[in-house]
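Student: Following my numbering, the residues of the sequence shown are numbered contiguously, the last one being 878.
Where is the CB? At the ideal position from N, CA and C, for every residue including glycine.
Owing to the predicted nature of the structure, the values given are computational and were not obtained by experimental measurement.
Once you've had a glance at the structure underneath, I'll fire off some questions.
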Amino acid sequence: MAGWIDWLRGKASGRRGARPAPRPPVGSFKTVSLAEDAGALGFGPASFVGLPNETPFPMLRVYRFLRDAIPDISDAVWTWKRLCQTGYSVAITEASSDRAKVRAERLVRALDRRVNGGDRGMTGLLDILYASLFTYGAAACEIVLSKSRESIWDVVPVDVWTVRFRREDGRLQAYQMQGGEAVPLPMERFVYIGMDRDGTNPYGRSMLRSIPFVVKIQQRLMEDMAKATHNAGWSKLHVQYAGEERQRGESAEAYRERMAGNLESLRSRLSGLETDQNLVTYDNVKVSLLRGDQQAQVFYDNHKAIEEQVITGMHLMPILMGRNYGTTETYGTAQFEIINRQVETVNREIEALLSRLYNFELALMWGEARAEVRMKTNRTVDVLKEAQARGREIANAVALREQGFVDQAGAVKLLGV
C-alpha cells in the first residue's frame with residue numbers, strides 16, 4: 462500500500478517512470494508451510510518435538526539394550542561401524558601464506574590428538590559417533606572452547622537419548638535433559654547428525670525401529686527351541702508294563718503292592734542298563750522308541766526366516782552376516798557394492814562434520830586457511846578389474862581431449878579429480 466501511495470504522489474508531482482516495486486514488509490520472510498510439530502508451542506516438556514511416529518523417548522534406551530543383548534543386532538552395528546571406518550585425508554586449501562599452511566596442518570594434527578578428552582583422539586570420537594549413528598539413528602557432539610577462546614579445547618560426544626529439540630522463533634533449539642530439567646545447548650557449538658530424517662522432524666530414525674517385534678518373536682523362538690531341544694534332543698525308550706491278573710485269594714492291597722514292586726524292579730533294571738546291553742522281559746512288557754524317526758529339527762528353518770528379517774531391518778546384506786545364498790562370486794560382489802554405496806552416503810555426513818570441526822579451529826588462528834576433508838572408500842572386491850576400468854576411463858578422457866571435444870579442464874572433470 463505504501464508503494465502505491467509513493468507512486469501516486471510521484472505521478473501527481475509530475476515525475477515519470479515505472480512504478481517502483483512494492484517493498485515487502487519487515488518480518489514477511491517466512492515459509493508458508495508449517496512443520497509437522499508446529500502445534501507444539503510453549504516451554505513445557507510437552508512442547509518438545511517428538512520422535513517420528515510418536516515413538517516414546519524411552520525407546521532410545523531400548524535400542525541400546527537390543528544392541529548389547531541381541532547377537533544379530535550387535536553384529537550388525539559392529540559391522541556397520543567397521544565398514545564406515547575407512548579413514549580420511551585432510552588437505553589445507555586457500556592458505557594465505559606458506560607459514561599459514563604449515564600452522565594449519567599443525568593445528569589439525571593437534572586437534573586430532575586432543576578431542577574426546579585425549580582418549581584415542583579423533584579415532585575414538587568417530588567410533589563413538591558411528592556407534593550412536595547406527596544405534597539411535599543420530600550422533601551429536603559439542604565443541605568446547607579454551608578459556609582464551611582462541612582454539613578448540615575439546616570435542617566431546619553428547620548422549621543422543623538425552624537430546625530434545627524445541628522450535629523457538631522459527632528455529633530449532635536443542636536441549637539436554639539433566640536431572641529432569643531441560644538445559645539449552647549452544648547451537649553454534651552443538652553438532653547433530655540425524656540419519657534418515659523424516660520431513661521436518663529433526664531427529665534421526667534408528668534402524669532398530671523396524672525390528673523390535675521381530676526380535677521379540679526371535680527370542681521367544683530361541684526360548685522355545687531350548688526347551689524343546691532339552692526334551693527332544695535324544696530319542697527315548699518307552700516301556701509299557703501290562704500287569705498280571707489278580708491271583709485267587711489275593712487282596713486288593715496285596716495286588717497293588719505286587720504290581721508296584723514289579724514296576725519298580727523293571728525301572729531299576731532299565732536305569733542300570735549299559736549301552737551295549739539288551740533288555741530281556743516277559744511278553745507283558747512292551748518297549749518302543751519315541752521319535753526314532755526324527756532326523757532334524759524344524760527350528761533352524763524357522764529361526765533362519767526370522768533372522769533374515771533382522772538382517773533386512775539393519776539394512777545389511779546376508780553375506781556380511783555370514784550367510785550367502787548364492788553359488789557365484791557375483792552374488793557376493795553385488796551385495797558388497799551396494800553396501801559400499803550406503804557407506805559412502807553415511808560418510809558424507811561424517812565428512813561434513815569433520816570439515817566443520819577443522820574449519821572452526823582454523824577460523825580462530827591468525828592467517829587464512831581452510832581444511833578440505835575427503836573420506837576414503839572401501840576397496841572393491843576385484844582390485845585388478847577396478848584398475849583396468851580406471852585405465853579405460855583415463856584413456857577415454859585423453860582421447861576426447863586430443864580430438865578437441867573437451868579441453869584440459871573438461872577432461873579433469875570427467876575423471877572426477
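Using 8 Å as the Cβ pair cut-off and three pairs as the minimum, do the stretch 545-552 and the stretch 833-841 touch?
Tutor: Touching, yes.
Student: Quick one: Cα of L750 to Cα of H699, how far?
Tutor: For L750 and H699, the distance between alpha carbons rounds to 6 Å.
Student: State the start and end residues of the unbroken beta strand (DSSP E) segment that holds T584.
Tutor: Unbroken run through T584 is the alpha helix (DSSP H), 582-597; no beta strand (DSSP E).
Student: Could you tell me the boundaries of the alpha helix (DSSP H) in which V873 lies?
Tutor: Per DSSP, V873 belongs to the alpha helix (DSSP H) from 869-876.
Student: With a CB to CB cut of under 7 Å and the five nearest residues on each side skipped, what residues in its chain are close to G511?
Tutor: So the qualifying residues of the chain are D498.
Student: What is the C-beta distance between A561 and E822, in whole angstroms, given that I count them as a contact (C-beta under 8 Å)?
Tutor: About 13 Å separates the two Cβ atoms, so there is no contact after all.
Student: Looking only at its chain, what residues have a beta carbon closer than 6 Å to the beta carbon of A537, apart from the 5 residues adjacent to it on each side?
Tutor: Only M775, L777 meet the Cβ criterion.
Student: For R807, which residues in the same chain have their Cβ closer than 6 Å to its Cβ, ignoring the five residues on either side in sequence?
Tutor: It is Val, not Arg, that sits at residue 807 in the sequence shown. Here the set comprises C545.
Student: So what does DSSP say about N739, is it helix, strand or coil?
Tutor: Three-state DSSP puts N739 in coil, outside helix and strand.
Student: Between which two residues does the alpha helix (DSSP H) carrying R525 extend?
Tutor: Unbroken alpha helix (DSSP H) run through R525: 520-530.
Student: Are V576 and A601 touching if we call contact CB-CB under 8 Å?
Tutor: Not in contact: V576 and A601 (Cβ atoms no closer than 8 Å).
Student: Tell me whether V523, by its Cβ, gets closer than 7 Å to a heavy atom of the ligand NAP.
Tutor: Annotation note on the ligand NAP: not contained in the displayed structure, which lists no ligands.
Student: May I have the straight-line CA-CA distance separating I731 from R717, to the nearest angstrom?
Tutor: Reading off the sequence, residue 731 comes out as Leu, not Ile. Roughly 21 Å separates the two Cα atoms.
Student: Please classify T547: does DSSP put it in a helix, a strand, or coil?
Tutor: Correct three-state label for T547: coil.
Student: Report the residue from G578, E515, L587 whose alpha carbon sits nearest the alpha carbon of E812.
Tutor: The option with the nearest alpha carbon to E812 is L587.
Student: Hey, quick one: how far does the beta strand (DSSP E) through M836 stretch, first residue to last?
Tutor: First-last of the beta strand (DSSP E) with M836: 831-836.
Student: Inspect the beta-carbon positions of E611 and R650 and report whether they are closer than 8 Å.
Tutor: Contact: no.
Student: Using 8 Å as the cut-off, can you tell me whether the stretch 856-866 makes contact with the stretch 581-597, which would need three or more C-beta pairs spanning the two stretches below that distance?
Tutor: In short, these stretches do not touch, since the Cβ pair count stays below three.
Student: Under a three-way DSSP split, which group does D533 fall into?
Tutor: Of the three classes helix, strand and coil, the one that applies to D533 here is helix, per DSSP.
Student: Is K542 near A592, with beta carbons less than 8 Å apart?
Tutor: Yes, they are a contact pair.
Student: Three or more C-beta pairs under 8 Å: does that hold for the stretch 656-674 against the stretch 512-523?
Tutor: Cβ pair count under 8 Å is three or more, so yes.
Student: Starting from M720, follow the alpha helix (DSSP H) in both directions and report where the run begins and ends.
Tutor: Note, M720: alpha helix (DSSP H), 713-732.
Student: I need the DSSP call for K608, collapsed to helix, strand or coil.
Tutor: Of the three classes helix, strand and coil, the one that applies to K608 here is coil, per DSSP.
Student: Does W827 come out as helix, strand or coil in the three-state DSSP assignment?
Tutor: Residue state, collapsed to three classes: coil.
Student: In terms of residues, what are the limits of the alpha helix (DSSP H) holding V859?
Tutor: 844-863 is the extent of the alpha helix (DSSP H) around V859.
Student: Pick out whichever of D657, Y664, L861 has its Cα sitting closest to the Cα of Q803.
Tutor: Answer by Cα proximity: D657.
Student: Among the candidates E725, L682, G631, whose CA atom is the shortest distance from the CA of V493?
Tutor: The option with the nearest alpha carbon to V493 is G631.
Student: Comparing C-alpha positions only, which one of I613, N820, L861, I772 sits nearest to Q679?
Tutor: Nearest option by C-alpha distance: I772.
Student: Between K874 and the rest of its own chain, which residues show a CB-CB distance below 6 Å, the 5 nearest in sequence each way excluded?
Tutor: So no residue of the chain qualifies.
Student: Should T596 be labelled buried (16 or more other beta-carbon atoms within 10 Å of its own) or exposed?
Tutor: That one is buried.
Student: Near V605, what residues of its chain come up, given a Cβ to Cβ distance below 8 Å and the 5 sequence neighbours on each side ignored?
Tutor: Closer than 8 Å at the Cβ level, and outside the excluded window around V605, lie I613, W614, D615, V616, V617, R650.
Student: What residue does the alpha helix (DSSP H) around L568 start on, and which one ends it?
Tutor: Unbroken alpha helix (DSSP H) run through L568: 559-575.
Student: Excluding the five sequence neighbours on either side, which residues of its own chain have a C-beta within less than 8 Å of the C-beta of Q708, listed in chain order?
Tutor: Within the same chain, Q708 has close Cβ partners Y716.
Student: From S729 to M720, what distance separates their C-alpha atoms?
Tutor: Approximately 14 Å, taken between the alpha carbons.
Student: I'd like to check one pair, Q701 with K747: are the Cβ atoms closer than 8 Å?
Tutor: A contact, by the Cβ cut-off of 8 Å.
Student: Tell me the DSSP secondary structure of D685 in three-state form.
Tutor: Note: D685 maps to helix in three-state DSSP.
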